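Going letter by letter, the sequence shown gives residues 599 to 729 in the numbering used here.
We put the CB at the ideal spot given by N, CA and C, even for glycine.
None of the values given here were measured: they were computed from a predicted structure.
Structure first, then comments.
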Amino acid sequence: MRVSRRRENEVRRRGVRRSLPVTKLYELVDSVNAHYAWMFHCPGCNSIHQCDTRWTFNGSQTAPTFRASILVHGAPDIGRPQCHSFVTDGRIEFLGDCTHALAGQTVDLPDWAAHHPDWVPGANGTAPRMP
Ligand SMILES: [Zn+2]
Numbered sequence: 599m600r601v602s603r604r605r606e607n608e609v610r611r612r613g614v615r616r617s618l619p620v621t622k623l624y625e626l627v628d629s630v631n632a633h634y635a636w637m638f639h640c641p642g643c644n645s646i647h648q649c650d651t652r653w654t655f656n657g658s659q660t661a662p663t664f665r666a667s668i669l670v671h672g673a674p675d676i677g678r679p680q681c682h683s684f685v686t687d688g689r690i691e692f693l694g695d696c697t698h699a700l701a702g703q704t705v706d707l708p709d710w711a712a713h714h715p716d717w718v719p720g721a722n723g724t725a726p727r728m729p
């Protein structure tokens with residue numbers, strides 16, 4: 599049976615989309631490839647935060663939830679704001695004690711690969727590792 603060009607293109611497009619990792623997290627492993635932490639891109643700090651095994655994790659890389667809250671102390675001397683948040687179902691709620699512009703707001707956690715395209719697992723066969 600002949601498949602229409604439109605259908606063929608649709609399948610191709612969906613296939614490509616499905617094959618791309620759509621994840622908000624990046625798994626950091628240690629020197630023996632064991633899980634160390636989950637990292638995400640924080641849109642408030644425009645930098646990376648990580649949750650190791652001290653946090654609970656719901657297991658979803660597309661709609662992650664971590665508990666307890668994530669507190670990154672500010673370091674004004676190096677331009678790092680204080681950041682205090684809850685990550686719930688793929689969204690990040692910035693608490694009122696943040697010193698960046700998103701304090702008090704809740705926004706979608708961005709897709710990891712959009713900010714860190716070189717850190718996509720399998721892209722170059724290697725992953726960043728803890729020393
Ligand atoms: Zn942050």
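(message) Threshold first: 3 residues or longer. Then list the beta strand (DSSP E) segments lying entirely within the region 651-701, N to C.
(response) Segments of the beta strand (DSSP E) lying fully in the region 651-701: 668-670, 681-686, 689-692.
(message) Check this for me: beta carbons of residue 709 and residue 621, under 8 Å apart or not?
(response) Walking along the sequence shown from the start, residue 709 turns up at place 111. Walking along the sequence shown from the start, residue 621 turns up at place 23. Taking 8 Å as the Cβ cut-off, residue 709 and residue 621 qualify as a contacting pair.
(request) From the DSSP output, read off the bridge partner residues of residue 705. (result) For the purposes of this step, residue 705 is taken as the residue at position 107 of the sequence shown. According to DSSP, which records beta bridges pairwise, residue 705 is partnered with 690.
(message) Please report the distance separating the alpha-carbon of residue 637 from that of residue 657.
(response) Counting from one through the sequence shown, the residue named residue 637 turns up at place 39. Counting from one through the sequence shown, the residue named residue 657 turns up at place 59. Between residue 637 and residue 657, the C-alpha separation is close to 13 Å.
(message) Considering only the alpha carbon of each residue, which of 653, 714, 641 lies closest to residue 634?
(response) Residue 634 sits at position 36 when you count from the first residue of the sequence shown. Looking at the Cα atoms, 653 is the closest of the given residues.
(message) For ligand 1, I want to know if residue 670 counts as a neighbour, meaning its beta carbon is within less than 7 Å of at least one of the ligand's heavy atoms.
(response) What you label residue 670 is simply residue 72 of the sequence shown in a count that begins at 1. Checking every heavy atom of ligand 1 against the Cβ of residue 670, one is found closer than 7 Å.
(message) Just list the residues that DSSP pairs residue 649 with in beta bridges.
(response) The count along the sequence shown starts at 1 and reaches residue 649 at position 51. BP columns for residue 649 point to 636.
(message) Judging by CA-CA distance, which residue of 688, 672, 687 is the nearest neighbour of residue 697?
(response) Against the sequence shown, residue 697 aligns to sequence position 99. Cα-wise, what sits closest to residue 697 is 672.
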